[in-house]
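Accompanying notes for the structure given below.
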Amino acid sequence: MVKPVRKRKIQSPPARPENEPTPKDNWWSKFLGIRSMAVAIAGCFLLYTVISMDEGYRWVWNSLLKGNWAFIQEHRKASLEERNQMKMGFNYAYLNHIKKNTPEDAIILFPLQKHVTEQSGDMKLGDDITSKSWVTHFVYPRRALYKDEEATNPLYSQVTHVAVIAGHGYEDLDYEVPAKPAFAVFPKKHPNYQENR
3 MVKPVRKRKI QSPPARPENE PTPKDNWWSK FLGIRSMAVA IAGCFLLYTV ISMDEGYRWV
63 WNSLLKGNWA FIQEHRKASL EERNQMKMGF NYAYLNHIKK NTPEDAIILF PLQKHVTEQS
123 GDMKLGDDIT SKSWVTHFVY PRRALYKDEE ATNPLYSQVT HVAVIAGHGY EDLDYEVPAK
183 PAFAVFPKKH PNYQENR
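Quick note on the numbering used here: the sequence shown kicks off at 3 and runs consecutively.
What follows is the structure, encoded as structure tokens:
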């Protein structure tokens, strides 16, 4: 005997309460509302006005951001080291030489700041090299100090290496160097020196 098929009762969706928002009132439609658009346009106008009127912001945008981006695009295949060398010239080459020829825990003594930018032959370091924070940025984790800090910096007595710039610095070595290049870095004590313990 065939059983009769029971018809399923189809349930209708529950009724929406009167104060519940409709799907079109979600956060996206509120975000794109007229007031939000007006605030966004006003914000963009204000930002453009500030950037175009202030010399510092113009320099950051035109020279720093756009200039660096153009430089990177022009030299895509160059390594970071090569790009830094192209942009900063001899300053970067010299600090990179120091970094490659000193241990990470080195404390490096630089000559008096007035001697740092002297010219030797056709080579000369730029003014950036007189900034201790700038130099430390490139030689980190090594520490840099200048000869005029002798009375104020407690690290002065712990100097491990001497940076020679434009021939200045040889007087701070504990030994005589036969060949004296104008720009170099040397250990303060002779490499064969052993402390008696």
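All residues carry an ideal CB built from backbone N, CA and C; glycine is no exception. This structure is a prediction, so every number in the text was calculated from the model and none was measured.
Where does the unbroken alpha helix (DSSP H) through residue i begin, and where does it stop?
{"i": "Tyr-96", "result": "92-102"}
{"i": "Leu-49", "result": "36-55"}
{"i": "Phe-185", "result": "Taken as a continuous stretch (DSSP letters only), Phe-185 belongs to no alpha helix (DSSP H), as it is neither H nor E."}
{"i": "Glu-76", "result": "68-76"}
Between the alpha carbons of residue i and residue j, how many angstroms are there, rounded?
{"i": "Ala-95", "j": "Lys-149", "result": "22 Å"}
{"i": "Lys-2", "j": "Pro-143", "result": "Nothing can be reported for residue 2, as the shown portion of the chain is limited to 3 through 199."}
{"i": "Pro-193", "j": "Val-161", "result": "14 Å"}
{"i": "Asp-174", "j": "Ser-135", "result": "22 Å"}
{"i": "Ser-159", "j": "Pro-189", "result": "14 Å"}
{"i": "Ala-186", "j": "Thr-154", "result": "25 Å"}
{"i": "Ala-181", "j": "Ala-168", "result": "14 Å"}
{"i": "Val-118", "j": "Phe-112", "result": "8 Å"}
{"i": "Leu-49", "j": "Gln-75", "result": "27 Å"}
{"i": "Trp-61", "j": "Tyr-177", "result": "48 Å"}
Determine whether the beta carbon atoms of residue i and residue j lie at a separation below 9 Å.
{"i": "Leu-82", "j": "Val-141", "result": "no"}
{"i": "Phe-92", "j": "Lys-126", "result": "yes"}
{"i": "Val-179", "j": "Ile-110", "result": "no"}
{"i": "Met-90", "j": "Asp-129", "result": "no"}
Quick one: measure Cβ to Cβ for residue i and residue j, integer angstroms, because I've assumed they're closer than 8 Å.
{"i": "Gln-115", "j": "Thr-132", "result": "5 Å"}
Specify, as a first and last residue, the run of the beta strand (DSSP E) that residue i falls within.
{"i": "Val-166", "result": "163-166"}
{"i": "Arg-145", "result": "145-148"}
{"i": "Ile-109", "result": "109-112"}
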